[in-house]
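This report concerns only the one structure given below.
Numbering (our numbering), first residue to last: 2 to 251.
Here it is as structure tokens:
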């Protein structure tokens, strides 16, 4: 009754299809085709109701002999809620993908390397600057820190950076925020460099750590210029900067 845009069952009972004037005119031809060809059929159809709203129905029918004549059993199910829900989900997925692409564009536009890790510490996302800073193309995410196979030392004391000491791991495992730690590294291509590494944890609305983000900045050139400046200054003023000389040597 609702699908045929009527109010009571009596309005459609014992009526011929053409008398009902159902807003699905193709249904009449489909049912006649089923009776004629003696073959079942099913399909989804779109219809416009008198109130201007669009409804979606699933139409299925099978041939059924009635009083020695050809007939059909037709089932018309309103699937508007399912179709509209699916379209909303598809629309949300499309918007989410657009947002993901927008974030990716922003990350790849940054002049620093950015790595995002999940709650286990595995890198699940990185921007295009990470590979050149580390001197080689890393494996595709998810990627554990130990899989990077990067050798590093703390610039201030020369101690080796263990896997568990990387700022990104400290952010994920302990909730620690690190700002501008200087690391001397041997890149994946064998060259040496110095980076500034910052990291902070990512938390959900309840404060639970769900991951971490790390920023890498290559300061190799700046560090080389600083050392050259120190050496030049010390050579022109011997004995004035013994501590700097020691630092440069290390």
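Where is the CB? At the ideal position from N, CA and C, for every residue including glycine.
*Nearest to residue 3 by CA position, among 231, 81, 141, 172, is which residue?*
Counting from one through the chain shown, the residue named residue 3 turns up at place 2. Considering only alpha carbons, the answer is 81.
*Please confirm whether residue 185 and residue 231 have their CB atoms less than 8 Å apart.*
Here residue 185 is taken as the residue at index 184 of the chain shown, counted from 1. Here residue 231 is taken as the residue at index 230 of the chain shown, counted from 1. Between residue 185 and residue 231, the C-beta gap is not smaller than 8 Å, which leaves the two residues out of contact.
*Measuring CA to CA, which of 96, 66, 127, 79 is closest to residue 46?*
Here residue 46 refers to the residue found at position 45 when the chain shown is read from its first residue. Distances from the alpha-carbon of residue 46 to those of 96, 66, 127, 79 put 79 closest.
_Under 8 Å between C-beta atoms of residue 211 and residue 120_ = The residue you call residue 211 lines up with position 210 of the chain shown. The residue you call residue 120 lines up with position 119 of the chain shown. Taking 8 Å as the Cβ cut-off, residue 211 and residue 120 qualify as a contacting pair.
_Expected contact under 8 Å - CB spacing of residue 202 and residue 172 to nearest Å_ = Here residue 202 refers to the residue found at position 201 when the chain shown is read from its first residue. Here residue 172 refers to the residue found at position 171 when the chain shown is read from its first residue. Indeed, because the Cβ distance is near 5 Å, the residues count as touching under 8 Å.
*Take the Cβ of residue 127 as the centre, count every other Cβ of all protein chains shown within 10 Å, and call the residue buried at 16 or more, exposed below.*
To locate residue 127, count along the chain shown from 1; it is residue 126. Buried, because 16 or more other Cβ atoms sit within 10 Å of the Cβ of residue 127.
*With a Cβ-Cβ cutoff of 8 Å, do residue 41 and residue 63 count as a contact?*
By one-based count along the chain shown, residue 41 stands at place 40. By one-based count along the chain shown, residue 63 stands at place 62. Their beta carbons are under 8 Å apart, which means residue 41 touches residue 63 by this criterion.
*Decide yes or no for the touch test of the segment 83-100 against the segment 149-168: beta carbon pairs closer than 8 Å, at least 3 of them.*
No contact exists between the segment 83-100 and the segment 149-168.
_Here's the rule I'm using: 16 or more other beta-carbon atoms within 10 Å means buried, otherwise exposed. How should residue 130 be labelled?_
As a first step, residue 130 is located in the chain shown; it is residue number 129 there, counting from the start. Flag for residue 130 reads buried.
*Would you report the Cα separation of residue 161 and residue 152, rounded to the nearest angstrom?*
Position 160 of the chain shown holds residue 161. Position 151 of the chain shown holds residue 152. Straight across, the Cα-Cα distance linking residue 161 with residue 152 is about 8 Å.
_Cβ neighbours of residue 194 in the same chain (closer than 7 Å, five flanking residues each side left out)_ = Numbered from its first residue, the chain shown carries residue 194 at position 193. Hits under 7 Å: 186, 188, 219, 221.
*Cα-Cα, which of 60, 182, 146 is closest to residue 159?*
Position 158 of the chain shown holds residue 159. Residue 159 has its Cα closest to that of 182, out of 60, 182, 146.
_Can you tell me whether residue 74 is buried or exposed? The criterion is at least 16 other CB atoms within 10 Å of its CB, across all chains shown._
On the chain shown, residue 74 is found 73 positions in, with the first residue counted as 1. So residue 74 ends up on the exposed side.
_Can you list, in chain order, the residues of its chain with a C-beta nearer than 8 Å to that of residue 28? Leave out the 5 residues immediately preceding and following it._
One-based indexing of the chain shown puts residue 28 at position 27. Scanning its chain for C-beta atoms nearer than 8 Å, with the 5 sequence neighbours on each side dropped, one finds around residue 28 the residues 18, 46, 60, 75, 77, in chain order.
*asked:* Quick check: what's the CA-CA separation for residue 157 versus residue 227?
replied: Working through the chain shown from its first residue, we reach residue 157 at position 156. Working through the chain shown from its first residue, we reach residue 227 at position 226. Across the structure, residue 157 and residue 227 are spaced so that their CA atoms are roughly 15 Å apart.
*Euclidean distance between Cα positions of residue 139 and residue 174*: In the chain shown, counting from the first residue as 1, residue 139 sits at position 138. In the chain shown, counting from the first residue as 1, residue 174 sits at position 173. Whole-angstrom Cα-Cα distance: 23 Å.
*Option in 13, 20, 114, 145 with minimal Cα separation from residue 199*: As a working mapping, residue 199 is identified with position 198 in the chain shown. Looking at the Cα atoms, 114 is the closest of the given residues.
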